[in-house]
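Novice: In the order they appear, the protein sequences are chains A and B.
Quick note on numbering that gives the first Met the number 0: the first sequence kicks off at 0 and runs consecutively.
Quick note on numbering that gives the first Met the number 0: the second sequence kicks off at 0 and runs consecutively.
A virtual CB, placed ideally from N, CA and C, is assigned to each residue, including glycine.
All of these numbers come straight from a predicted model, not from anything done at the bench.
Please find one structure pasted underneath; my questions will follow.
Protein chains: 2
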Amino acid sequence: MPLAITTDLTIDSNQPLQVQLYQQLAQRIIDQRFQPGSQMPSSRQLAADLGISRNTVLAVYDQLKAEGFLQTQSGRGVFVHSDITSVLRSPLGSKTPRRSISALKPKINTLNIDPIRTSDLDNNLPFTPGLPDIREFPIRHWNRVIHHQENRRPLMGYDGMQGYLPLRQAIAGYLRSSRGVHCHADQVIITNGAQQALSLVADIFLQPGDSVLIENPGYRGSRYALGRYGHKLVPVPLKDQVLDVHSLPMAGQAKLLYCTPTHQYPLGGILDLSQRLTLLNWAIENNTWIIEDDYDSEFHFYNKPIAAMQGLLDNSPVLYLGSFSKTMMPSVRIGYLVVPEFLVDDFVAMKRITSGESPLFIQAALTEFIESGQFVRHLRRMRQLYREKWEYFQSLVMTSLADVLTPVAESAGMHLVLEGQFDDLALCHWLREKGFGSAPLSAHFIDGHSEGSHSPRSGLVLGFASANQTQMRNCVELIREWFDAMP
Amino acid sequence: MPLAITTDLTIDSNQPLQVQLYQQLAQRIIDQRFQPGSQMPSSRQLAADLGISRNTVLAVYDQLKAEGFLQTQSGRGVFVHSDITSVLRSPLGSKTPRRSISALKPKINTLNIDPIRTSDLDNNLPFTPGLPDIREFPIRHWNRVIHHQENRRPLMGYDGMQGYLPLRQAIAGYLRSSRGVHCHADQVIITNGAQQALSLVADIFLQPGDSVLIENPGYRGSRYALGRYGHKLVPVPLKDQVLDVHSLPMAGQAKLLYCTPTHQYPLGGILDLSQRLTLLNWAIENNTWIIEDDYDSEFHFYNKPIAAMQGLLDNSPVLYLGSFSKTMMPSVRIGYLVVPEFLVDDFVAMKRITSGESPLFIQAALTEFIESGQFVRHLRRMRQLYREKWEYFQSLVMTSLADVLTPVAESAGMHLVLEGQFDDLALCHWLREKGFGSAPLSAHFIDGHSEGSHSPRSGLVLGFASANQTQMRNCVELIREWFDAMP
């Protein structure tokens, strides 16, 4: 006798009917509300009861038959398949409640990331460190480039795992002439921002027992990428806002050293030539590879930035990286690595395995933007703009906050550190509530918040590049207010 | 007495003068062709000797002074800085030749990847497995979407690490209605193609000693991603072109199982309902998580594809993944993962650390393409097109190659396997020389080419989706020719 199921089924006309009916019938077979071997109503009957077309029911029945849910017995009608009984007799099909999925929670690798950085919602607030002035991006020129590129069919298929060759050529040319990097296109690997570059270095270089030297305080993204397999991160202290190269002999053996020689993150110091040579020399003697993160080198306001370490000596153990997140815009998500030729194949293989090619269309548009000279023009405009912002913001701070905060200033970059003795995490949270991004200086120390550690420095890391003058004044007033309200 | 250096310096007017002069002077100081403490020629003299403007020389001198290369002695002129002597006396500055960089080659993690896949050059040849018919992509509709999106400033800043929310909503809606996936937008994580999704699963799940079950033969990208930390990959044999679910009890404990239930790669079989339930049940009992790679499910030619395993039971340990590389175009590089809510934060944190956000502009364009209904229309057109290609190609093979090759055919997907006893790697290389992509079936076996292993099956994996009828005829003729020439 056919199942009396019509009262049980509900049809919502907002959902595609076939899918809905399919899912409801299949679910009832699985959980044995429909017994194996029992007869289904005729398609005509079911269609009438549900007020839907018979073709819909027939299509669903056909599908369920093809999948083994239902079977036709010639001349008798359609039945729930009896073959699935053995499966449904197992714990799955039983009426006893199954464990909830959280009981299944596997033992996984969890990461310890500063909570303040895990919220995505506020990433575009003014004063967010690393955020460029998006309003000043030459969007019309960029769109013109996009229009040139968009009808090119070759940009739709697969390209090269290492990155679009014309882009690698453009980057190599730019780095040679602007940064003194010794490289050609074959040494350039396109990445998903600087973060993937760091992650690839960890994937390739770090083996069990290896340790990594990192600036302390330093860039947190590097700590996360290089420390994620549990390798020992050894902090190297700063001296005069730059990596203390003379402390290296005490640091012990390390496979990698991460540094920001041209604008220390976050404190802003610049390694001079003699320090660079000392560092390179130490690295060569100790078989340590240097990760040279050249972020912000485009924004030195008075002098041309000192040339990259990568190009100072031939054959030095340097992995050079940069990105267009700050020079173009964050959402472009294009970074690059420059590595010695004999390491290229290994990096490309690791990129293939961990994420595959980079999006081609954006790579092609960026290539045209660089080749046409628009990139360098844009950089020149932004350098001037950021210099004005830096001067204005510094003067505001000196006028209103000099008694509580000290700017740790180099004439470069997109952020300023204001140092002082206070609960910087609390102030950052409070500023965020008021609509301003910032980061606590203390969080950039490896042992920043661990108990019993010697107290690190505290302060605010403020990305002035993304703030206009009104926002600068408002933010400084708020900070003043916060300090005035302190007991 | 000033240095007589002018004959030594060369100025190439194609290079920016300042940079060139800067680099040449700095290099000579480093390698001690200019002695520390020696006097430089006056800027006027050097400019005259080199035939360049004095301002250029002055700018370079200023830069070199700022960096510590040079120093001014008041009233006497400009000198090479004497402070860097200690550095230059070290092995770095000495005249003895330094070790070449290959002597520095570090101990790194190298990957063992099939050589045929490491060449990027031929990825768009007709018959390349996985390559869609790019000529049929509705480029004008896509460009219209791009034009709608391109002036939106919010698309230029940072967005969400998990992926653009409207895109996650559109994908969740599509997967619910088309694939029976039980999910909402909060469970969807946008990735750089399916490959990053696989890599993230490995990063999160695999701990020392864990092993992974994979279909054998199976998708090589999964093998590379899941095996790259040296975890044991346990092959699960196929039966009737699908994973043999009844062999699982013999496979032993495993943390993960990778499978392609809706179109086994490469053999094309489809797990039926009873097999799906057996597999789910086994996974729950054994605390194994299933990676359900739902590639090609959009291209089932006669029936609606069987619903995804992910949605068959509530609370099942399934990580569901897919991508737009085949349904849209490879270069779009957008894939997605659907994971249980309690795992989302861990996946997002790992994505943050290993590569950061996904490019926003393409995500926004894809969202509009889906929401406007164009995606489903495009899929419908391509399904019809690929069905016709599949039928035509099969008939060609049956007519011309049936004595040497047997199609392993399901009425789905974008590729066909032609099985036979021959050196499939050699035939693939030969076809590549003739301008046709393909992959050797034997390479999809874990123990494919290892010595002493029992001989795997051999054959050609041919992606017919990217070939037109002329190319199909030519390729079949070439294969015929190859077999006829065999001894």
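In chain order, what residues of the same chain have a beta carbon less than 7 angstroms from the beta carbon of A/His140, not counting five sequence neighbours either side?
Specialist: Correct list, in chain order: Gln373.
Novice: Hey, would you say B/Leu320 sits closer than 7 angstroms to B/Asp292, going by beta carbons?
Specialist: Result yes, Cβ atoms of B/Leu320 and B/Asp292 sit closer than 7 angstroms.
Novice: Give the interface partners of A/Glu356 over in chain B, defined as CB-CB distance under 7 angstroms, in chain order.
Specialist: Per Cβ cutoff of 7 angstroms: Arg332.
Novice: Among B/Leu417, B/Leu164 and B/Ile352, which residue has its Cα nearest to the Cα of B/Gln195?
Specialist: B/Gln195 has its Cα closest to that of B/Ile352, out of B/Leu417, B/Leu164 and B/Ile352.
Novice: Cβ of B/Ser89 less than 7 angstroms from any chain A Cβ?
Specialist: Note that B/Ser89 has pLDDT 41, beneath the 50 cutoff, so the model's placement of it is unreliable and the number below is only indicative. Yes - at least one Cβ of chain A is within 7 angstroms of the one on B/Ser89.
Novice: Could you tell me if B/Ala411 is buried or exposed, where buried requires 16 or more neighbouring beta carbons within 10 angstroms of its beta carbon?
Specialist: Buried, by the Cβ-count rule.
Novice: Determine the direct distance from the alpha carbon of A/Phe421 to that of A/Ser482, and round the result to whole angstroms.
Specialist: Checking the displayed sequence, the identity of residue 482 of chain A turns out to be Phe instead of Ser. About 9 angstroms.
Novice: Going by beta-carbon coordinates alone, are A/Leu461 and A/Ser437 separated by less than 7 angstroms?
Specialist: Contact: yes.
Novice: In terms of residues, what are the limits of the beta strand (DSSP E) holding A/Pro406?
Specialist: Residues Thr405 to Val407.
Novice: Could you give the C-beta distance for B/Glu370 and B/Ala184, rounded to a whole number, given that I count them as a contact under 8 angstroms?
Specialist: Not a contact, Cβ separation roughly 13 angstroms.
Novice: Looking at chain A, is there any beta carbon in it that lies within less than 7 angstroms of the beta carbon of B/Asn467?
Specialist: Taking Cβ atoms only, chain A never reaches closer than 7 angstroms to B/Asn467, which makes this a no.
Novice: Is A/His147 helix, strand or coil when you go by DSSP?
Specialist: The answer is helix: DSSP assigns A/His147 an H, G or I state.
Novice: Three-state secondary structure (DSSP) at A/Thr71?
Specialist: Strand at A/Thr71.
Novice: Have a look at the DSSP bridge pairing and note the partners of B/Ala25.
Specialist: DSSP output for B/Ala25 lists no bridge partner at all.
Novice: Please determine if the region 269–283 of chain A and the region 315–334 of chain A are in contact, where contact requires at least 3 C-beta pairs separated by less than 8 angstroms.
Specialist: The region 269–283 of chain A, when compared against the region 315–334 of chain A, does touch it at the 8 angstroms Cβ threshold.
Novice: Whose Cβ in chain A lies nearer than 9 angstroms to the Cβ of B/Trp288?
Specialist: Those within 9 angstroms of B/Trp288 in chain A are Leu103 and Pro105.
Novice: Would you mind sorting B/Leu174 into buried or exposed? The rule is 16 or more other CB atoms within 10 Å of its CB.
Specialist: B/Leu174 should be labelled buried.
Novice: Between B/Phe346 and chain A, is the shortest Cβ-Cβ distance under 7 angstroms, so that the two count as touching?
Specialist: Not an interface residue.
Novice: Alpha carbons only, please: which of A/Ile133, A/Gln62 and A/Gln31 is nearest the one belonging to B/Tyr301?
Specialist: Among A/Ile133, A/Gln62 and A/Gln31, the Cα nearest to that of B/Tyr301 is on A/Gln62.
Novice: Determine the burial state of B/Asp239: buried for a count of at least 16 other Cβ atoms within 10 Å of its Cβ, exposed for fewer.
Specialist: Per the 10 Å Cβ criterion, exposed.
Novice: List in chain order: all unbroken beta strand (DSSP E) runs of 3+ residues lying wholly within the region 309–336 of chain A.
Specialist: Listed in chain order, they are 317–322.
Novice: Please name the residue, chosen from B/Arg227, B/Pro234 and B/Asp202, that lies closest to B/Gly217 on a Cα-to-Cα basis.
Specialist: The shortest C-alpha separation from B/Gly217 is found at B/Pro234.
Novice: Helix, strand or coil for B/His245? Go by DSSP, reduced to three states.
Specialist: It is helical.
Novice: For A/His230, is the classification buried or exposed, using 16 other Cβ atoms within 10 angstroms of its Cβ as the cut-off for buried?
Specialist: With 16 or more Cβ atoms within 10 Å of its Cβ, A/His230 is classed as buried.
Novice: Here's the rule I'm using: 16 or more other beta-carbon atoms within 10 Å means buried, otherwise exposed. How should B/Pro486 be labelled?
Specialist: Exposed is the call here.
Novice: Mind reading off the beta-carbon distance from B/Gln362 to B/Gly162? Whole number of angstroms is fine, and I expect it under 8 angstroms.
Specialist: Going by Cβ atoms, the distance from B/Gln362 to B/Gly162 rounds to 7 angstroms, so yes, they are a contact pair.
Novice: Beta carbons nearer than 8 angstroms to chain B: which residues of the region 251–262 of chain A have them?
Specialist: So the close ones are Lys254.
Novice: Strictly under 7 angstroms for the Cβ-Cβ distance: is A/Met155 near chain B by that measure?
Specialist: Taking Cβ atoms only, chain B reaches closer than 7 angstroms to A/Met155, which makes this a yes.
Novice: Go to B/Ile189, then tell me how far its beta strand (DSSP E) extends in each direction, as first and last residue.
Specialist: First-last of the beta strand (DSSP E) with B/Ile189: Val187 to Thr190.
Novice: Measuring alpha carbon to alpha carbon, tell me which of B/Arg431, B/Gly458, B/Leu20 and B/Trp389 ends up nearest B/Leu417.
Specialist: For the residues B/Arg431, B/Gly458, B/Leu20 and B/Trp389, the minimum Cα distance to B/Leu417 belongs to B/Gly458.
Novice: Name the residue from A/Ala306, A/Lys325, A/Tyr385 and A/Leu395 whose alpha carbon lies nearest to the alpha carbon of B/Ile29.
Specialist: Of the listed residues, the one whose Cα sits closest to B/Ile29 is A/Ala306.
Novice: In chain order, what residues of the same chain have a beta carbon less than 8 angstroms from the beta carbon of B/Phe68, not counting five sequence neighbours either side?
Specialist: So the qualifying residues of the chain are Leu24, Ala25, Ile28, Val79, His80 and Ile83.
Novice: Establish whether the CB of A/Leu359 and some CB of chain B are separated by less than 7 angstroms.
Specialist: So, interface residue.
Novice: Would A/Ile305 pass as an interface residue toward chain B - the criterion being a Cβ-Cβ separation below 7 angstroms?
Specialist: Yes - at least one Cβ of chain B is within 7 angstroms of the one on A/Ile305.
Novice: Using the three-state DSSP reduction, which class does A/Phe482 fall into: helix, strand or coil?
Specialist: Residue state, collapsed to three classes: helix.
Novice: With C-beta atoms as the reference, is A/Ser358 less than 7 angstroms away from B/Pro358?
Specialist: It should be noted that the sequence gives Pro, not Ser, for residue 358 of chain A. Taking 7 angstroms as the Cβ cut-off, A/Pro358 and B/Pro358 qualify as a contacting pair.
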